[in-house]
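K.L.:
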Ligand code: ADP
Ligand code: CIR
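So this is what it looks like as structure tokens:
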């Protein structure tokens, strides 16, 4: 493989950190699961508009290709290679009373974590047979959930197109054919082995074998962030008894995208701020101050509709789960304050 053709206008972290020297150092390396530099960078090479542009095929990728991954992790999370990760899922430490009890601004709240099975390759490197085994293990563990978390597993294979479309539109299911995931090898053998589990109210959901083997999700209408967190923690702690998740002392939970390492947590609200939306500079200044990311209404790489944005924590590694949610909460309080002033 030759040094890829990366245009000057490319602003991804891949384009920033894949120097010819780093490329030469890593181009012949291969992990025990057979993952290579060429595979790790393919998404960012094929999608020049990527923000990041790299994926890991397994836990070893983060070590073997560290001259590329380390500076990307440092820039995204502000986390260096001598730092270590810490977890805190104690909801008593979270100060997040509903910032919008009249539901004027916050449409809905969602918190998800990514998880992958220990000793399995990650999605970009997994073989079809192993993916199917992972699906069986995960759906088996989900079948034992009780009470509010009790639900059913719906494989994507055999799901009618109209049901799938409605689940995506209602923000419950991952979309199909994402080009960033496609070039990362994450859509191989689609839709086999993929599926969604949810309880009757769709307040607790699990995506199986999309970007990560599990995306564990708690969500509900309105802004009761603490209730959403409490439900998520209860689910994660129960599932942890049935499944072994890939975890490293240094990087926390191991995920296929380096932006998700650590807590693997994205806590978000859909928030209606039509006035702030007219002053994106001000909006961005608030989200930067609180380490938040602005996404569109249908998730990453989508647009806003009707002044509604998806606001979530940007950092996930080197901070605890409580801190990740607190980042989002504190920022949302500031966003609502700014929107109120502008509306006057
Ligand atoms: P991820 O959350 O895994 O990073 P996406 O950004 O693609 O992935 O979002 C997945 C889905 O979750 C999308 O349909 C998105 O609109 C939906 N979503 C995210 N946050 C919220 C929220 N607070 N309320 C309702 N739906 C949400
Ligand atoms: C990009 O580089 O823009 C995509 N590969 C997405 C990166 C971050 N998103 C994510 O973790 N889901």
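In the working numbering, the protein residues as written are 53 to 396.
For glycine and all other residues, C-beta sits at the position ideal for the given N, C-alpha and C.
Can you tell me whether residue 118 is buried or exposed? The criterion is at least 16 other CB atoms within 10 Å of its CB, across all chains shown.
P.N.:
By the 10 Å Cβ count, residue 118 comes out exposed.
K.L.:
For residue 204, tell me which candidate among 69, 335, 184 and 247 has the shortest Cα-Cα distance.
P.N.:
Per the Cα distances, 247.
K.L.:
Can you tell me whether residue 94 is buried or exposed, with buried defined as 16 or more other CB within 10 angstroms of its CB?
P.N.:
Label assigned to residue 94: buried.
K.L.:
Among the candidates 349, 53, 77 and 99, whose CA atom is the shortest distance from the CA of residue 67?
P.N.:
Nearest C-alpha to residue 67: 99.
K.L.:
With distances taken from CA atoms, which of 376, 380 and 65 is nearest residue 362?
P.N.:
It is 380.
K.L.:
Taking the CB atoms as reference points, tell me whether residue 167 and residue 266 lie closer together than 8 Å.
P.N.:
Cβ distance < 8 Å, so residue 167 and residue 266 count as in contact.
K.L.:
Just verifying my parser: in three-state terms, what is the DSSP assignment at residue 174?
P.N.:
DSSP places residue 174 in coil when its eight states are reduced to three.
K.L.:
Relative to the alpha-carbon of residue 310, which residue among 197, 90, 58 and 108 has its alpha-carbon at the smallest distance?
P.N.:
The shortest Cα separation from residue 310 among 197, 90, 58 and 108 belongs to 108.
K.L.:
Taking contact to mean 3 or more Cβ pairs, one atom from each stretch, closer than 8 Å, check whether the stretch 333 to 353 and the stretch 366 to 381 are in contact.
P.N.:
Yes, they touch.
K.L.:
Determine the closest residue to residue 395 out of 132, 317, 366 and 331, with distance taken between C-alpha atoms.
P.N.:
Here the closest residue by C-alpha is 331.
K.L.:
If you follow the beta strand (DSSP E) that residue 53 is in, where does it begin and where does it stop?
P.N.:
Note, residue 53: premise wrong, no beta strand (DSSP E); not H, not E.
K.L.:
In whole angstroms, give me the CA-to-CA distance for residue 162 and residue 86.
P.N.:
Each residue's Cα considered, the two are about 35 Å apart.
K.L.:
In whole angstroms, what is the alpha-carbon distance linking residue 113 and residue 65?
P.N.:
Their Cα atoms are separated by approximately 17 Å.
K.L.:
In the DSSP assignment, find the alpha helix (DSSP H) that holds residue 289 and state where it starts and stops.
P.N.:
First-last of the alpha helix (DSSP H) with residue 289: 277 to 294.
K.L.:
Return the Cβ separation of residue 313 and residue 124 in integer angstroms, given the expectation that the two are a contact with Cβ distance under 8 Å.
P.N.:
That belief does not hold up - the Cβ atoms of residue 313 and residue 124 are roughly 10 Å apart, past 8 Å.
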